[in-house]
Structure formats: structure tokens, C-alpha cells
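Data first, discussion second: the structure below is written as C-alpha cells.
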Amino acid sequence: MWVVTIFEEKTYRIFEFDTKEEATTALKKIEIPAILSYTNLTLIA
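Position one of the sequence shown corresponds to residue 2 (our numbering), numbered consecutively onward.
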């Protein structure tokens, strides 16, 4: 799972993507500080 984390003034948002291509396309459209990361963890609620 590829994750884009967007840092805003007082909060942050996290978006999950299945492929690196999807994540990098989304990241290119973001104009505020953000990072791209990869994890193979599965979260179960």
C-alpha cells in the first residue's frame, strides 16, 4: 500500500493507494507539504 500524507497547518490527512503510479500522480497535484511512503501493513478495525 502506498500512502500520501499531507501536512496542513494544524492537522494532517492520509490517502492510501494500491499502486505507486496512482500515488505519485496524486502527489504531483498537491501544492502543500506532503510525503509518499510505502507499507505492507494491514490495518484491521
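Ideal Cβ positions, reconstructed from N, Cα and C, are used throughout, including at glycine.
Item to check | Residue interval of the beta strand (DSSP E) (run including Leu42) | outcome: Taken as a continuous stretch (DSSP letters only), Leu42 belongs to no beta strand (DSSP E), as it is neither H nor E.
Next on the checklist: Quick check on this structure: which residue in Ala46, Ile36, Lys29, Met2 has the alpha carbon closest to the alpha carbon of Tyr13?
Outcome noted: Ile36
Checklist entry - Is Glu17 helix, strand or coil by DSSP? => result strand
Item to check | Three-state class that DSSP yields for Thr6 in the structure shown | outcome: strand
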